[in-house]
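The next block holds one structure in the form of structure tokens; read it before the comments.
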Amino acid sequence: MASNKTLICNKCKCGLAEIDTQFTYLDKKFRHKVLRCPQCGQVFIPEDLAKGKMAQLEKSLEEK
Ligand SMILES: [Zn+2]
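Residue 25 in UniProt numbering is what sits at position 25 of the sequence shown, and the numbering runs on without skipping anything.
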């Protein structure tokens with residue numbers, strides 16, 4: 001059993017690397033480690049990150 005679940009890029013068939021990436025969402029910037037294809041640069045954002053982080057940001061904006 002592999003300890004790390006390695007995702008493979010659909011296009012390049014190569015393993016994705018975890019890279020610290022900066023996102024911009026609703027004019028806010030934040031950094032998070034995401035899996036990215038070293039060849040084509042395609043970033044794979046896990047659903048929980050997309051939902052969790054975005055929801056957090058939306059919440060903090062509402063509270064302003
Ligand atoms: Zn790729």
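Where is the CB? At the ideal position from N, CA and C, for every residue including glycine.
By the C-beta criterion, the segment 39-46 is judged to be in contact with the segment 9-17, since at least 3 inter-stretch pairs fall below 8 angstroms.
DSSP, read as helix, strand or coil, puts Gly15 in strand. Relative to the non-hydrogen atoms of ligand 1, the Cβ of Gln56 never comes closer than 7 angstroms to any of them. As the crow flies, the alpha-carbon of Leu26 is around 15 angstroms from that of Gly52. In terms of Cβ geometry, His32 and Leu57 do not form a close pair [threshold 8 angstroms]. Within the UniProt domain "DUF7479" (6-64), complete beta strand (DSSP E) segments of at least 3 residues are found at 17-25, 28-36, given in chain order.
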